[in-house]
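Here is the structure we will look at.
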Amino acid sequence: MRELSDALLAWFDQCARKLPWREQASDTRRDPYAVIVSEFMLQQTQVSTVIPYYSRFMERFPDLLTLASAEEPEVLKYWEGLGYYRRARQLLKLAKTLVSDFSGALPQDRKTLLKLPGIGEYTAGALLSFVFDLPEPAVDGNVLRVVARLDAEAYTMGDVKSQAAARERVSGLMPPERPGDFSEALIELGATICLSSSPLCHDCPMSHVCRAYQQGVVAEYPLRQKREKSPVSQMSYVLVHDGTHVFCRRRSEALLHGLYEFI
DNA sequence: GTCCGGGACC
DNA sequence: GGTCCCGGAC
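Heads up: the first sequence is residues 84 to 346, going by our numbering.
Dropping the structure here:
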């Protein structure tokens with residue numbers, strides 16, 4: 084376990100992408116507000132898309148108080164193009180709630196965070212680990228994929244039980260001295276190395292402890308929801324009439340081919 | 001053009 | 001289970 088987190092953290096120290104919401108003197112904690120804004124934007128969109136929006140948003144709403152006193156239409160204007168506009172509204176609600184009910188400070192426990200607008204299990208974990216350096220798991224799609232492959236465990240994307248199991252697993256992996264970086268490193272690994280298609284296992288710092296890799300079955304994890312796609316059968320007919328009756332004949336290659344139906 | 005991934009919430 | 005939206009893969 085020690086070996087795993089050491090390897091991942093060493094990789095993260097060397098390879099982490101430079102992102103606007105990570106720009107921080109290395110000895111200061113991350114700005115809670117910056118983490119909130121970036122996590123809300125990242126909930127629905129990829130990093131490269133978020134970057135310009137994040138920068139413009141932070142210029143106009145540089146801190147929690149500024150955002151909390153803004154009107155919804157203007158916030159939505161800065162969100163335009165990102166989609167999932169409910170998130171922008173939730174973010175504004177969250178800012179107002181934090182200011183009015185929490186003296187502008189982010190709660191440091193999961194249970195309280197989960198009651199706040201727009202915050203679910205993943206975002207709660209992300210805030211607790213990134214901002215407060217607490218050993219709280221933040222399991223998004225990236226992390227679920229990483230853990231599923233690491234253990235060759237049959238986790239299913241988007242499945243709440245799998246997410247809960249993955250949170251347990253990640254909790255057990257957390258190194259006590261750098262939980263926040265470890266949490267972020269798992270996400271970074273999923274986003275840049277442990278890709279859902281064509282993962283870059285040869286560059287992966289965990290391949291030596293990855294069960295799926297050792298078994299050569301990386302592509303099989305995680306499982307995907309089997310969507311009950313109702314069998315769509317196309318039918319075409321030929322209309323036949325003999326002057327008195329109209330018949331309908333199914334085309335020969337179709338289901339029940341050649342069958343005559345009386346209309 | 002179609003399919004799919006991605007969190008929270010209803 | 002459905003909805004919100006977009007971008008990327010194919």
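C-beta atoms are modelled at their ideal positions from N, C-alpha and C, and glycine is treated no differently.
Residue range of the unbroken alpha helix (DSSP H) whose run includes residue i
i: residue 86; result: 85-98
i: residue 112; result: First-last for residue 112: undefined, no H or E at that position.
i: residue 131; result: 130-143
i: residue 156; result: 155-162
i: residue 359; result: Any answer about residue 359 is impossible in this case: the structure gives the chain only from 84 up to 346.
i: residue 298; result: No alpha helix (DSSP H) holds residue 298; DSSP gives it neither H nor E.
i: residue 150; result: 147-151
i: residue 196; result: 193-197
Per DSSP, the bridge partner or partners of residue i
i: residue 306; result: 239
Sequence-distant residues of the same chain with beta carbon closer than 8 Å to residue i, five excluded per side
i: residue 137; result: 103, 104, 120, 121 and 124
i: residue 313; result: With a pLDDT of only 43 at residue 313, under 50, the local geometry of the prediction cannot be trusted, and the value read off the model is given with reservation. So no residue of the chain qualifies.
i: residue 181; result: 147, 151, 187, 188, 189 and 199
i: residue 377; result: Residue 377 lies beyond the range of the chain shown here (84 to 346); nothing can be said about it.
i: residue 308; result: 239, 240, 241 and 242
i: residue 86; result: 292
i: residue 91; result: 265, 268, 269, 272, 288 and 289
i: residue 259; result: 218
Cut-off 7 Å between Cβ atoms - residues of its own chain near residue i, not counting five sequence neighbours on either side
i: residue 277; result: 228, 229, 232 and 287
i: residue 101; result: none
i: residue 290; result: 284 and 296
i: residue 348; result: In the structure displayed, the chain extends from 84 to 346; residue 348 sits before or after that span and is not available.
i: residue 172; result: 155
Beta-carbon contacts of residue i that lie in its chain and below 6 Å, excluding the five residues immediately before and after
i: residue 115; result: 189 and 214
i: residue 244; result: none
i: residue 274; result: 225
i: residue 250; result: 220 and 222
i: residue 295; result: 232, 235, 301 and 304
i: residue 269; result: 226 and 229
i: residue 281; result: none
i: residue 317; result: Residue confidence for residue 317 is low, a pLDDT of 47 falling below 50, so the modelled location carries little weight; the figure read from the coordinates is stated next. Nothing listed; no residue qualifies.
Exercise. At which residue ranges does the region 202-288 contain complete alpha helix (DSSP H) runs of 4 or more residues, listed in the order of the chain?
Worked result: Within the region 202-288, the complete alpha helix (DSSP H) runs of at least 4 residues are 204-215, 224-234, 243-256 and 262-275.
Exercise. Is the region 233-247 in contact with the region 299-306, if contact means three or more CB pairs nearer than 8 Å?
Worked result: A contact is defined here as three or more CB-CB pairs under 8 Å, and the region 233-247 meets this definition with respect to the region 299-306.
Problem set entry | Touching by the beta-carbon criterion (3+ pairs, under 8 Å), the region 88-96 and the region 163-172 | Output reads no: the region 163-172 does not touch the region 88-96.
For this session: Would you check if there are 3 or more beta carbon pairs closer than 8 Å linking the region 126-133 to the region 144-155?
Result: No: the two stretches stay apart, fewer than three of their Cβ pairs being nearer than 8 Å.
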